[in-house]
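In the numbering used here, the protein residues as written are 13 to 339.
C-beta atoms are modelled at their ideal positions from N, C-alpha and C, and glycine is treated no differently.
Notes for the one structure printed next.
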Ligand code: NAP
């Protein structure tokens with residue numbers, strides 16, 4: 013008999029076909045995620061769950077799904093999962109690292125360039141019928157080449173940003189608890205403390221995971237440290253940046269611009285005043301959303317799920333060494 017699993021949203025066929033072949037799977041077809049109650053109801057008798065970042069997985073959830081042995085998250089970030097609670101119950105957790113690194117860094121750079129060169133404002137200007145002639149002072153932006161990029165977090169995506177910055181001849185500073193002297197040479201990076209990072213960056217790009225320590229770490233005090241001409245880019249997780257502090261910093265000219273793919277909350281309320289600011293560019297959490305990458309993510313998530321169900325080590329484990337123990 014095939015193991016029972018719940019797939020909490022339709023994912024690309026490249027992964028879904030594998031899941032359907034190996035498992036007795038129910039797939040949630042709605043555009044919106046299942047509520048917590050529905051997620052529990054659907055997973056109660058399942059051995060595996062293919063989850064999304066909108067699904068909160070914690071001890072209370074796991075205790076109501078006693079057969080669950082593996083949670084395969086369709087994302088590299090896993091802040092929606094209480095990993096300790098999973099480990100304590102012998103539930104293996106997997107994520108999708110690596111395959112989305114370049115796609116996400118491409119998008120972070122897209123946000124950086126859109127903000128620096130005011131691309132969305134330009135489009136709005138044309139659409140509004142305001143384009144009458146070539147203007148010497150029209151929509152002046154900021155140069156990217158030669159500017160200083162500050163990377164908050166130098167993991168996979170932060171490093172991929174540094175590679176891109178090299179092509180723009182940028183000076184690149186980074187802060188990460190783990191100093192990467194190997195990469196410093198290869199990518200021409202300078203390791204600095206947090207204060208220096210915020211003070212010197214022309215572009216400050218966030219690439220840390222969401223943890224209790226990083227929650228709200230980009231806040232009013234940090235905006236005050238930044239250059240008034242600085243541009244913030246956040247393609248990591250919304251709550252790392254305090255939304256209201258960002259709104260005030262943009263409104264009051266503490267910093268010049270922000271380009272974000274993630275917000276807190278998500279989605280951002282449509283009546284939030286930050287959406288009225290012209291120096292704010294926002295996208296609906298699509299940094300990894302290329303056809304190829306979402307297909308690769310689906311495949312890894314499926315491989316994690318199936319390995320966990322077989323009692324094997326997950327190809328991309330979060331709690332390495334936890335081989336699904338539940339029977
Ligand atoms: P990663 O390889 O784990 O890199 C994260 C880096 O941040 C690590 O080097 C980590 O250092 C460092 N870090 C942790 N806490 C820090 C702190 N307090 N201050 C400074 N650095 C800190 O992860 P990744 O693959 O690059 O992905 C990064 C994040 O991007 C993910 O967690 C996810 O939330 C987000 N993401 C978003 C999208 C999107 O669609 N917008 C797509 C992909 C990823 P240590 O290893 O020493 O802890």
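Next item on the list: Please report the Cβ distance between residue 1 and residue 18, rounded to the nearest whole angstrom; I am assuming they are in contact, meaning their Cβ atoms lie under 8 Å.
Entry: As displayed, the chain neither begins before 13 nor continues past 339, which places residue 1 out of reach and without an answer.
Checklist line | Close beta carbons around residue 88, own chain, < 7 Å, minus the five adjacent residues each side | finding: Position 76 of the chain shown, counted from the start, is the residue given in the question as residue 88. Excluding sequence neighbours, residue 88 sits near 107, 108, 109, 112.
Item checked: Delimiting residues of the alpha helix (DSSP H) encompassing residue 260 -> Counting from one through the chain shown, the residue named residue 260 turns up at place 248. For residue 260, the enclosing alpha helix (DSSP H) stretches over residues 255-263.
Note to self: Can you tell me where the alpha helix (DSSP H) holding residue 183 begins and where it ends?
What the structure shows: Residue 183 sits at position 171 when you count from the first residue of the chain shown. Taken as a continuous stretch (DSSP letters only), residue 183 belongs to no alpha helix (DSSP H), being part of the beta strand (DSSP E) at 183-187.
Notebook entry, point to check: Does the separation of the CB atoms of residue 153 and residue 130 fall below 8 Å?
Noted result: Stepping through the chain shown from its first residue, residue 153 is reached at position 141. Stepping through the chain shown from its first residue, residue 130 is reached at position 118. The beta carbons of residue 153 and residue 130 sit closer together than 8 Å.
Notebook entry, point to check: Of the choices 22, 52, 133, 25, whose alpha-carbon is the least far from that of residue 270?
Noted result: To locate residue 270, count along the chain shown from 1; it is residue 258. Looking at the Cα atoms, 133 is the closest of the given residues.
Next item on the list: Would you check if there are 3 or more beta carbon pairs closer than 8 Å linking the segment 280-295 to the segment 318-332?
Entry: Using a C-beta cut-off of 8 Å, the segment 280-295 makes no contact with the segment 318-332, since fewer than three inter-stretch Cβ pairs fall below that distance.
Checklist line | Alpha-carbon spacing of residue 145 relative to residue 290, whole angstroms | finding: One-based indexing of the chain shown puts residue 145 at position 133. One-based indexing of the chain shown puts residue 290 at position 278. In a straight line, the C-alpha of residue 145 is about 21 Å away from that of residue 290.
Note to self: Measuring only from the beta carbon, is residue 288 closer than 7 Å to any heavy atom that is part of the ligand SAH?
What the structure shows: Ligands in the displayed structure: the ligand NAP; the ligand SAH is not one of them.
Margin query: Can you tell me where the beta strand (DSSP E) holding residue 150 begins and where it ends?
Written below: On the chain shown, residue 150 is found 138 positions in, with the first residue counted as 1. Here residue 150 belongs to no beta strand (DSSP E), and DSSP marks it neither H nor E.
Next item on the list: Kindly indicate which three-state DSSP category residue 251 falls into: helix, strand or coil?
Entry: Counting from one through the chain shown, the residue named residue 251 turns up at place 239. Correct three-state label for residue 251: helix.
Notebook entry, point to check: Span of the alpha helix (DSSP H) holding residue 246?
Noted result: If you number the chain shown from 1, residue 246 lands on position 234. Careful: residue 246 lies outside any alpha helix (DSSP H), inside the beta strand (DSSP E) at 243-246.
Item checked: residue 204 vs residue 246 beta-carbon contact at 8 Å -> Residue 204 sits at position 192 when you count from the first residue of the chain shown. Residue 246 sits at position 234 when you count from the first residue of the chain shown. No.
Item checked: Reference residue 163; option with closest CA among 150, 147, 148, 192 -> Taking the first residue of the chain shown as 1, we reach residue 163 at position 151. Checking every option, the nearest Cα to that of residue 163 belongs to 192.
Check: If we call anything under 8 Å between Cβ atoms a contact, is residue 70 one with residue 85?
Finding: The residue given as residue 70 occupies position 58 in the chain shown. The residue given as residue 85 occupies position 73 in the chain shown. Taking 8 Å as the Cβ cut-off, residue 70 and residue 85 do not qualify as a contacting pair.
Note to self: Let me check understanding here. Comparing Cα to Cα, which of 238, 252, 150 lies closest to residue 214?
What the structure shows: Position 202 of the chain shown holds residue 214. Nearest C-alpha to residue 214: 238.
Margin query: Mapping the DSSP letters down to three states, classify residue 278 as helix, strand or coil.
Written below: Locating residue 278 in the chain shown gives position 266, where the first residue counts as 1. Correct three-state label for residue 278: coil.
Item checked: DSSP three-state assignment for residue 322, whether helix, strand or coil -> As a position in the chain shown, residue 322 is number 310, starting the count at 1. Reduced to three states, the DSSP call for residue 322 is helix.
Note to self: By the three-class DSSP mapping on this structure, what secondary structure does residue 72 have?
What the structure shows: By one-based count along the chain shown, residue 72 stands at place 60. The answer is helix: DSSP assigns residue 72 an H, G or I state.
Next item on the list: Could you tell me if the beta carbon of residue 347 falls within a distance shorter than 7 Å of some heavy atom in the ligand NAP?
Entry: The structure shown does not extend to residue 347, since the chain is modelled only from 13 to 339, so the question has no answer here.
Notebook entry, point to check: By how many angstroms is the C-alpha of residue 334 removed from the C-alpha of residue 328?
Noted result: If you number the chain shown from 1, residue 328 lands on position 316. If you number the chain shown from 1, residue 334 lands on position 322. Those two C-alpha atoms are separated by around 12 Å.
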